[in-house]
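Residue numbers (the numbering used here), protein chains in the order written: chain A, -2 to 91; chain B, -2 to 91.
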């Protein structure tokens, strides 16, 4: 498959927006601290990234497919970490 | 501008992945707590979302342009909140 320069911009974009989740996943995995992380954000993001992947498949846009497949794994991972440590947080003071 | 059904899937995806940041921005704006949020994530995400918008403009893909323009405002807002409250955190115990 040959890519034109527009697809290279898409790949750069996809690399950044996908790799962006890595430091967050690593930080959360290391600290187990999820109090400041929004559960609603990661629930909606997981559903949305899945739909972007479907959109990429329908448009046959390789950058969109690849970036969102990896994003789905990382965002889904964050959602799992949030759910896992959500109830382990120190309850807020009354 | 007329959209076909594939673009509607893109719009649903874009609505979800864009709206996803709203509860996070609201939570962070309300609590001013950014200790569990990754600075590297929001820096890379801001750059990446900007490039996705450029990609959408080059491909003339309305869903990609619209979703990423709004995402850029929200992700950039989170980056500003993180930078603003970053040094106001309680320092970790030795």
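Where is the CB? At the ideal position from N, CA and C, for every residue including glycine.
Counting C-beta pairs closer than 8 Å gives three or more between the region 10 to 17 of chain B and the region 45 to 58 of chain A, which meets the contact rule. Residue 75(A) and residue 37(A) do not touch by the CB rule: their CB atoms are close to 13 Å apart, not below 8 Å.
DSSP, reduced to helix, strand and coil, places residue 45(A) within a helical segment of the structure shown. Listed along chain A are 52, 55 and 56, each with a C-beta nearer than 8 Å to that of residue 3(B). Between residue 61(A) and residue 7(A), the C-beta gap is smaller than 8 Å, which places the two residues in contact.
Around the beta carbon of residue 39(A), 16 or more other beta carbons sit within 10 angstroms, so the residue counts as buried.
Taking C-beta separations shorter than 7 Å and ignoring five residues to either side along the sequence, the partners of residue 53(A) in its chain run 61, 62 and 65, following chain order. Just so you know, the alpha carbons of residue 30(A) and residue 83(B) end up roughly 16 Å apart. For residue 45(A), the residues of chain B that pass the 7 Å Cβ criterion are 10, 13, 14 and 17, in the order they occur in the chain.
Relative to the Cα of residue 70(B), the nearest Cα in the group 45(B), 57(B) and 85(B) belongs to 45(B). Look at residue 54(B) here: in three-state DSSP terms it is helix.
Annotation for residue 67(B): the continuous alpha helix (DSSP H) segment containing it runs 59 to 83. Of all alpha-carbon atoms in 27(B), 26(B), 59(B) and 73(B), the one lying nearest the alpha-carbon of residue 5(B) is that of 59(B).
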